[in-house]
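To start, the structure under review is shown below, and the notes come after it.
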Amino acid sequence: MTIPRLLLYLVFILQVSFTITGCSQDSQEKVNIKSEAGDIFFEASQIFGESKPTNSGVEVAEKDTYLFTMEGDFTNPWDRTAPKADKISFRITQDGLIDKFRAYQGAKEVWAVNLPHIHWRKLGGVHVSNGNQ
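In numbering that gives the first Met the number 0, the protein residues as written are 0 to 132.
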């Protein structure tokens, strides 16, 4: 066996090893997001003033991103003059980051709040003010 052929085998084995390891880690993260859905819903409902949201759901929105939805009576804690919403949706990436909260009355979006690079576990510590976001 020549050295180039041996190196080729070594590279192949390393690629397979990293692929298998990467897949198992991705699967673990996905399981964690879904298994933590109850906590995520609780934190979000506390921010938006709805103690008992209904029809909560989580689904895969796209690769490595989950779409969370809740129905209830929600207020925008960053802008108290914004209209109330009856549905909230938000996406969480595989690593736990939230991209944006969207609020709806029926099918119409009535407000949205960007929270770039906020991990869902830090939702309880998000600063709420009376200013517009």
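Just so it is clear, CB atoms sit at the ideal spot from N, CA and C, and this is done for glycine as well.
Could you give the first and the last residue of the continuous alpha helix (DSSP H) run that contains residue i?
i	result
residue 37	36–46
Residue i: which of the options sits nearest, CA to CA?
i	options	result
residue 81	101, 90 and 97	101
residue 78	70, 113 and 50	113
residue 34	46, 57 and 44	57
residue 110	74, 95, 38 and 96	74
residue 83	94, 116, 49 and 43	49
residue 98	118, 105, 59 and 70	118
Check for me: the beta strand (DSSP E) holding residue i runs from which residue to which?
i	result
residue 49	Element bounds for residue 49: n/a, residue is neither H nor E.
residue 85	84–92
residue 115	107–118
What does the Cβ neighbour count give for residue i, buried or exposed, with the cut at 16 atoms within 10 Å?
i	result
residue 54	exposed
residue 51	exposed
residue 86	buried
residue 21	With a pLDDT of 42 at residue 21, under the threshold of 50, the modelled position of that residue is not reliable, and the figure given next carries that caveat. So residue 21 counts as exposed.
Practice prompt. Could you say if the stretch 78–98 and the stretch 59–68 meet the contact criterion of at least three C-beta pairs nearer than 8 Å?
Written response: Judged by Cβ distances under 8 Å, the stretch 78–98 makes contact with the stretch 59–68, as three or more pairs qualify.
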